[in-house]
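Chemist: Attaching a single structure in structure tokens format; questions to follow.
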Amino acid sequence: MSQRKDLIIIGNGMVGHHFVDTFRALNGADQWRIHIIGEERHSAYDRVHLSEYFQGRSHSDLALGTSEGYQQAGIAAHLGTRVERIDRAAHTVLLSDGEELCYDKLVLATGSYPFVPPIPGHDAERCFVYRTLDDLDAIRSAADQGKTGVVIGGGLLGLEAANALTSLGLTTEVIEFAPRLMPVQLDATAGTVLKDKIEALGVRVHTDTATQQIETLNDGRLRLHFADGEPLETDVLVFSAGIRPRDELARQAGLKVGERGGVCIDNHGRTSDNDIYAIGEVALWDERIFGLVAPGYRMAETVAAHLEGCDSPFLGADMSTKLKLLGVDVGAIGDAHGTTPGTLSFRYHNEAKQQYKKIVTSADGKRLLGAILVGDNSAYDSLLQYYLNDIALPAEPDSLILPSASAAPALGPDALPDSATICSCMNVTKGGIVTAIDGGCCSVAEVKAETRASSSCGGCAAMLKNLVDATLEARGVEVDHSLCEHFSYTRQALYHLVQVEQIKTFDELIRRHGRGHGCDICKPAVASILASHWNEGVHDAAHVKLQDTNDTFLANMQKDGTYSIVPRIAGGEITPDKLLVIGQVAKDYRLYTKITGGQRIDLFGAQLHQLPEIWQRLIDAGFETGHAYGKALRTVKSCVGSTWCRYGQQDSVGMAILLENRYKGLRAPHKIKFAVSGCTRECAEAQSKDIGVIATENGWNLYVCGNGGMKPRHADLFATDLDDVHLIRTIDRLLMFYVRTADRLQRTARWMESLEGGLDYLTDVILNDCLNLGEELDQQMARIVDTYQCEWKATLEDEQKLKRFRTFVNSPAGDDNILFVEERDQIRPATHEEKNRLIASA
Amino acid sequence: MTVQTQNLKWVQLCQRGDLVAESGVAARLEDQQLALFYLPDENRVYAIDNHDPFSQANVLARGLIGDLHGEWVVASPIYKQHFRLTDGQCLEASEVQLKTWPARLNNNNVEIALAL
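Sequence lines, in order, name chains Z and F.
The first sequence begins at 1 in my numbering and counts up by one.
The second sequence begins at 1001 in my numbering and counts up by one.
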């Protein structure tokens, strides 16, 4: 073997890790022996998402690399080890465990440390910083006995820390010395809007406030004294007043450092010693420290390239950021303070919605120089592209931030130059993505794996998908529509196979038309096809293994593994006696109750073995299953209608009950929601439903393919002044055609948009019967309506089926990991933190 | 796994009739919860930890099973990650691996092996 050189990286944070990754990808690494030295006992982890550690994520969830991974790659990782000193003359570093390592090249990636202002009392036991997992562990254990927390520092990191404290259940306050929050990024108005929004979330903010002393009280709590104003007591204090470079090794070694700290580097990342590089927050380039991860990554790439003899200079980096702080959108791009002379600014401030948007342009209004967004980041991606790529702005630049019916002029993937950065974390351009697609990538997942775009913060995910889709489409690429690895067919094609070949089981279908044993994608999809075509019980022996947990146990699994129960309340009409039954059952089983959007009552918190007992009581009182767990008709919402309402034109409640009872149990590609309004005032919001019926003087108007949810769609008027018989026949045919032709998990709105010819085609098929399918659709629906059975009733009558409803097959006990706490007089699942506390106190 | 049979103690958990074909049930052994998956065609039972590390809930026995790239997996019913039945490896996160136990059908008894 040829003589290998030694490369030492001091620091195993995000940037140090990225350097190793990049360097190994560039180089066979066989010419180098790589040593990583990390002071923390943990291997590198994602510090950007640190606050998620308090939301139940562990080090392994946040980890970027593992000791084993390094070992397998032939890298010597010295974790939990400090470097005591660098001997530049001897080319060695001395480790805290006494070992001495030689280097040919050395990379300093020591990062930064949180600055703690020298306020008297700052070193008290309950004062913390927010930087490492060990810091977080210390904060968590202090927070365990406490109720309140204070963060000193209202910058970006301070607000992150405040978010972390609130997620620990502490009532949190933020102290900022400057007159506004995030003084570096925001202007005065933006700071005020952000402050108002954060205070509305329960976090008090004190700006313009100088802390003068931190007093430790007898019980260990802290009392903060300010230059003016009342003192403030707290259980936990976190400093987040900025960062300082960890340049002490460099100073000791006599490397050139900046006046206010930071190791000076040139455009190649080299320090004043040609064999030593510095990257990330410890490095000072052009008198600047870059406190974001993306510029650190750029430096890492520059140094990796330079070690390989390539020239890829670091020439500064964009410091634009987009974040969600305590759930509030904040974005800052470029020079948002308008400090360049002769600039123009445009501002939009909506006090009702607490939104603020500002753009700063060149004097001629053609180029974007900076932007600030608070409360709504929807314009961020487009604005950033204008800024980074110097794209000419529209004639009215303010149209980019003003709300308008037609929305801001979209900056589609076509408008971007190839040099446009799509993912700023991993520095992937549009050109890079297009090259990856030309190289054979055929999906977002493949492009992500190839280019690593959108694999860090994920902020560019939507833009990436647009670009990939548009590029594939432009290439005429047939996107693979296989359901999964077991079937090379779409749901529609499988439906036709089932229908034409009279296939009745999954096993038969996969034997004839698929491969393997099936998976969690195809099994429920085929189960739904079989159910809507043959309407056999979902629990019949051949179908048992196909159902997901909700269909198996006829209830909705919640995040803690318990289930919620929704009895059918057709049309939202319920007798006082039935209300009493629901109330009594909820009380007896200690269930959380909530009124749903579909005018029924959801009961939460039941364990598996309790479901049959609960349902026995509901069935005895005359209830039926509500199919809230199924891809099926959910509810028919209604207003009170002509029976009571002085404006009502028809009996909307009666019609709603009729429709709900007709279509209950119908299995479909996705859930289906209906509503019936008794007059044009539309109190039942029928025009946002899959099927909406609105009474007229002469009968009913039918609206179809509306949708609330993630991408709302207003329903289309489909037929007018129908009588009851024609209304039902039209809905029968439309629903059956949807069940037959829609794709897996496609709601009616997207289904209609996907049909060639859209609404006109649907009108032709359903109302004009152009396919001559009408009678067949009628018969199929009649068969399904006639064979309806309440799945819960059938289950309770079948000993064999009931056997499945056991939490454990070998014990009558419940799951003792399911724990509740009370909130607003009802139960809710205990958080991870609360569970630990409950278990500890038990 | 290279554990010798004589170093294992086989413990009975339940009966074959408690299992559900090509699906899962949960069982308990002291404080441990196990998910048991039954493949009648292969006359096999797999036993893996019932605890889903992503949701922190004991739910894996209630996940759908199937094969991905030729290997049996269970999909968590909460966030849908897949775990290999043979060794508990999570397919979406290389650093996550669940505990598994050797399991067998001894006539109609469902047994798992504990290391002595």
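Glycine is no exception: its CB is placed at the ideal position from the N, C-alpha and C atoms.
Under the three-state reduction of DSSP, which class applies to ILE86 (chain Z): helix, strand or coil?
Modeler: Three-state result, ILE86 (chain Z): strand.
Chemist: In angstroms, rounded to a whole number, what distance separates the CA positions of ASN768 (chain Z) and ALA632 (chain Z)?
Modeler: Whole-angstrom Cα-Cα distance: 27 Å.
Chemist: From ALA253 (chain Z) to ARG85 (chain Z), what distance separates their C-alpha atoms?
Modeler: One C-alpha to the other measures close to 7 Å.
Chemist: Does any C-beta atom of chain F lie closer than 8 Å to the C-beta of GLU833 (chain Z)?
Modeler: GLU833 (chain Z) does not count as touching chain F.
Chemist: On the three-state DSSP scale, how would you describe CYS484 (chain Z)?
Modeler: Here CYS484 (chain Z) sits in strand by DSSP.
Chemist: Is it the case that the Cβ atoms of LEU546 (chain Z) and PRO524 (chain Z) are separated by a distance below 8 Å?
Modeler: Against a cut-off of 8 Å, the Cβ pair of PRO524 (chain Z) and LEU546 (chain Z) comes out as a contact.
Chemist: Is the CB of GLY1066 (chain F) under 8 Å away from at least one CB in chain Z?
Modeler: Chain Z, which has a Cβ nearer than 8 Å to the Cβ of GLY1066 (chain F), makes this yes.
Chemist: Since ILE175 (chain Z) and HIS206 (chain Z) should fall inside the 8 Å C-beta cutoff, what is the C-beta to C-beta distance between them, to a whole number of angstroms?
Modeler: About 5 Å; that satisfies the 8 Å criterion.
Chemist: Below 8 Å CB to CB, which residues in the same chain sit around LYS195 (chain Z) once its five sequence neighbours on both sides are set aside?
Modeler: Contacts found: ARG180, LEU181, VAL205 and THR207.
Chemist: For chain Z, check one thing: does any of its Cβ atoms lie closer than 8 Å to the Cβ of VAL1045 (chain F)?
Modeler: VAL1045 (chain F) does not count as touching chain Z.
Chemist: Measuring CA to CA, which of Z:LEU722, Z:ASN701 and Z:ALA749 is closest to ARG713 (chain Z)?
Modeler: Comparing Cα-Cα distances from ARG713 (chain Z) to each of Z:LEU722, Z:ASN701 and Z:ALA749, the minimum goes to Z:ALA749.
Chemist: Quick check: the stretch 582-589 of chain Z against the stretch 755-775 of chain Z, are at least 3 beta-carbon pairs closer than 8 Å?
Modeler: No, the stretch 755-775 of chain Z is not in contact with the stretch 582-589 of chain Z.
Chemist: Kindly indicate if chain F contains any beta-carbon less than 8 Å away from that of ALA842 (chain Z).
Modeler: No - not a single Cβ of chain F is within 8 Å of the one on ALA842 (chain Z).
Chemist: Sorted by chain position, which residues of the same chain lie with C-beta nearer than 7 Å to GLN298 (chain Z)'s C-beta, five sequence neighbours on each side aside?
Modeler: A small correction: the amino acid at residue 298 (chain Z) is Arg; Gln does not occupy that position in the sequence shown. So the qualifying residues of the chain are PHE314, ALA317 and ASN427.
Chemist: In whole angstroms, give me the CA-to-CA distance for GLY1017 (chain F) and ALA1061 (chain F).
Modeler: One C-alpha to the other measures close to 16 Å.
Chemist: Can ILE10 (chain Z) and ILE34 (chain Z) be called in contact, C-beta distance under 8 Å?
Modeler: Contact: no.
Chemist: Checking contacts by CB at 8 Å: is ARG828 (chain Z) closer than that to chain F?
Modeler: No, its Cβ sits nowhere closer than 8 Å to a Cβ of chain F.
Chemist: Is CYS519 (chain Z) close to chain F? Criterion is C-beta to C-beta, closer than 8 Å.
Modeler: For CYS519 (chain Z), the answer is yes, since a Cβ of chain F falls inside 8 Å of its Cβ.
Chemist: Is the Cβ-Cβ distance between GLY630 (chain Z) and SER652 (chain Z) less than 8 Å?
Modeler: No. Outside cutoff.
Chemist: Drop a sphere of 10 angstroms on the beta-carbon of GLY518 (chain Z), count the other beta-carbons inside from all chains shown, and report buried for 16 or more, exposed for fewer.
Modeler: Counting Cβ neighbours within 10 Å, GLY518 (chain Z) comes out buried, since at least 16 surround it.
Chemist: Could you tell me which chain Z residues have their CB closer than 8 Å to the CB of ARG1028 (chain F), listed as they occur along the chain?
Modeler: By Cβ distance, chain Z contributes PHE808, ASN810, SER811 and ALA813.
Chemist: Mind listing the chain C neighbours of VAL544 (chain Z)? Cutoff is C-beta to C-beta under 7 Å, in chain order.
Modeler: You won't find chain C in this structure, because its protein chains are Z and F.
Chemist: Around the C-beta of VAL821 (chain Z), are 16 or more other C-beta atoms found within 10 angstroms, so that it is buried, or is it exposed?
Modeler: By the 10 Å Cβ count, VAL821 (chain Z) comes out exposed.
Chemist: For chain F, is any of its Cβ atoms less than 8 Å away from the one on THR66 (chain Z)?
Modeler: Yes, THR66 (chain Z) counts as interfacial toward chain F.
Chemist: Do you know whose CA, among Z:TYR489, Z:GLU446 and Z:LEU483, lies nearest ASP469 (chain Z)'s CA?
Modeler: Closest by alpha carbon: Z:GLU446.
Chemist: Consult DSSP for ASP588 (chain Z) and reduce its assignment to one of helix, strand or coil.
Modeler: Correct three-state label for ASP588 (chain Z): helix.
Chemist: My parser needs the beta strand (DSSP E) runs of 3 or more residues fully inside the stretch 3-76 of chain Z; what are they?
Modeler: Listed in chain order, the complete beta strand (DSSP E) runs (minimum 3 residues) inside the stretch 3-76 of chain Z are 5-10 and 32-38.
Chemist: Determine the DSSP secondary structure at GLY692 (chain Z), reduced to helix, strand or coil.
Modeler: DSSP places GLY692 (chain Z) in strand when its eight states are reduced to three.
Chemist: Beta-carbon separation of VAL704 (chain Z) and LEU734 (chain Z) under 8 Å?
Modeler: Cβ atoms of VAL704 (chain Z) and LEU734 (chain Z): closer than 8 Å.
Chemist: Starting from the N-terminal side, write out each stretch of the beta strand (DSSP E) that is 3 residues or longer and does not extend beyond the stretch 156-184 of chain Z.
Modeler: With a minimum length of 3 residues, the continuous beta strand (DSSP E) runs that stay inside the stretch 156-184 of chain Z are 171-175.
Chemist: Please list the terminal residues of the continuous alpha helix (DSSP H) segment that includes PRO567 (chain Z).
Modeler: Premise fails: PRO567 (chain Z) is in no alpha helix (DSSP H) and is neither H nor E.
Chemist: Closer than 8 Å is the cut-off here; do at least three beta carbon pairs connect the stretch 520-536 of chain Z with the stretch 1062-1069 of chain F?
Modeler: Yes, they touch.
Chemist: Determine, for LYS5 (chain Z), whether the minimum Cβ-Cβ distance to residues of chain F falls below 8 Å.
Modeler: No, its Cβ sits nowhere closer than 8 Å to a Cβ of chain F.
Chemist: Can you pull the DSSP bridge partners for PRO524 (chain Z)?
Modeler: Note: PRO524 (chain Z) sits in no beta bridge, so no partner.
Chemist: Return the residue from the list F:VAL1059, F:ASP1052, F:PHE1083 and F:GLU1022 that minimises the CA-CA distance to GLU1042 (chain F).
Modeler: Looking at the Cα atoms, F:GLU1022 is the closest of the given residues.
Chemist: Which whole-angstrom value is the C-beta distance of LEU611 (chain Z) and PHE553 (chain Z), which I expect to be below 8 Å?
Modeler: Between PHE553 (chain Z) and LEU611 (chain Z) the Cβ distance is about 6 Å, and since that is below 8 Å, they are a contact.
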